[in-house]
Amino acid sequence: MAIQKLYAGVKLRETRTRAGLTQKDFAARLGVSLPYLNQMENNNRPISTNVVLALASEFRLDVTELSSGDGERLVSDLREALADPIFACKAPPMADLRLTASNAPGLAHAFLALHQSYRQVQERLASLDEALGREDARATPSPWEEVRDFFHYCDNYIDAVDRAAEHFATREGTTGDARATAMATLDAAGVAVVFADDDRLRAYDPASKTLHLSSRAAPETQT
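In this text, residue positions in the sequence shown follow our numbering: the first is 576, and each later residue adds one.
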């Protein structure tokens, strides 16, 4: 029967950090070369028997903590979470899951906690939709959610809009008063602006080319 190789880079890094040692000093205590330690800490090499014994004798490490069982359970939990339909066509390969579980278990646990919270929220929304008599209300994202996600993933920056705004701000006749500049631009385009004591922030009538703005809104909202 083949002997299972033991990869425990995270545990090695934790032990070294807890002892306050540099990689060079840690390697000397373990009786290995610095490059060899670096490879073990990055899970490019399995931990040898001599290193396991050195960890137990030099750092009083419970060798049962090096068991790969926790990593396998973590991989299994990641696979189960990624089977959620929300990750359709986006699930990473098994090799990536194993790398994440072995090299970044903290990140894996954080992802699992986030997914669990997401599932709980979805269940609450489903219960609310059922109580309100709505079917498949959450089957697709709302327009507001799609717009929110779009701006989130582009970091609220759209190059074409930004360049157009810069051109608008530097063209001849533009003043430092944003409201006055906006009014002049609309007037040049034949659009009439009407301020009214209205609950609506703004409304545009294309037939009469009239823009209605709330007089109660802040100046920055009006422009």
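All C-beta atoms in this analysis are idealised placements derived from N, C-alpha and C, irrespective of residue type, glycine included. These numbers were taken from a predicted model, which means no experiment stands behind them.
- Taking C-beta atoms as the reference points, residue 598 and residue 617 fail to come closer than 8 angstroms.
- Annotation for residue 771: the continuous beta strand (DSSP E) segment containing it runs 767 to 771.
- With fewer than 16 other CB atoms across the displayed protein chains lying within 10 angstroms of its CB, residue 670 is exposed.
- In its chain, beyond the 5 residues on either side, 765, 766 have a beta carbon closer than 6 angstroms to the beta carbon of residue 784.
- DSSP places residue 780 in the uninterrupted beta strand (DSSP E) bounded by 777 to 780.
- Each of 677, 634, 680 was checked against the Cα of residue 590, and the nearest Cα belongs to 634.
- Counted as a single uninterrupted DSSP element, the stretch harbouring residue 624 is not any beta strand (DSSP E) but the alpha helix (DSSP H) occupying residues 624 to 634.
- In this structure, residue 610 and residue 580 do not form a Cβ contact; the two beta carbons are roughly 19 angstroms apart against a cut-off of 8 angstroms.
- Secondary structure note for residue 581: it is in no alpha helix (DSSP H), with a DSSP letter that is neither H nor E.
- For residue 789, the enclosing beta strand (DSSP E) stretches over residues 785 to 789.
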